[in-house]
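Numbering (full-length UniProt numbering), first residue to last: 1 to 149. Note that CB positions come from ideal geometry on N, CA and C, so glycine has one too.
This is the structure we're talking about:
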């Protein structure tokens, strides 16, 4: 079994990053490559292929999956109209004085996402989402009454 040290695969990692047009800086991608390397080292079967070939394919697949997830997250973040049953209602009634982040949090909340899901989708901390929801409750208090969560 001929597995070279991780540092010997740096040129190949850079080739994959360039192939997939992933922009620098590459610190996070190198860390991910390191984890993929160790996973591959544990799962490698020398009778099927060379380690470098196996690692290259696994690394490429890993980055492609990450890009798909990132693209999906961007699609969610750029949603312009809420998918609520009453889409005919005026935008300003649905979002009275909300900023963009508050609109997104409100929409996700109304669609049934949990606080953790909203934080993950919008790349925010859970405490930020909770704080924003509290501000939303205050803004909406003149329209509706809330029972405590």
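{"Check": "Roughly how many angstroms lie between the CA atoms of residue 139 and residue 108, to the nearest whole one?", "Outcome": "17 Å"}
{"Check": "May I have the straight-line CA-CA distance separating residue 63 from residue 141, to the nearest angstrom?", "Outcome": "45 Å"}
{"Check": "Where residue 123 and residue 105 are concerned, what is the direct C-alpha to C-alpha distance, given to the nearest angstrom?", "Outcome": "11 Å"}
{"Check": "Taking the alpha carbon of residue 50 as the reference point, which residue from 118, 2, 101 has its own alpha carbon closest?", "Outcome": "2"}
{"Check": "For residue 65, does the three-state DSSP call read helix, strand or coil?", "Outcome": "helix"}
{"Check": "How is the alpha helix (DSSP H) around residue 15 delimited, first residue to last?", "Outcome": "10 to 19"}
{"Check": "Can you tell me which of the three DSSP states residue 122 falls into?", "Outcome": "coil"}
{"Check": "Between which two residues does the alpha helix (DSSP H) harbouring residue 33 extend?", "Outcome": "27 to 43"}
{"Check": "Given a threshold of 16 other Cβ atoms within 10 Å of its Cβ, counted over all protein chains shown, does residue 67 qualify as buried or as exposed?", "Outcome": "exposed"}
{"Check": "In angstroms, rounded to a whole number, what distance separates the CA positions of residue 136 and residue 98?", "Outcome": "8 Å"}
{"Check": "Checking 9 Å against the spacing of the C-beta atoms, do residue 44 and residue 54 come in under that value?", "Outcome": "yes"}
{"Check": "From the DSSP output, in three-state form, read off residue 105 for me.", "Outcome": "helix"}
{"Check": "Quick one: using the 10 Å Cβ neighbour count with 16 as the cut-off for buried, is residue 29 buried or exposed?", "Outcome": "buried"}
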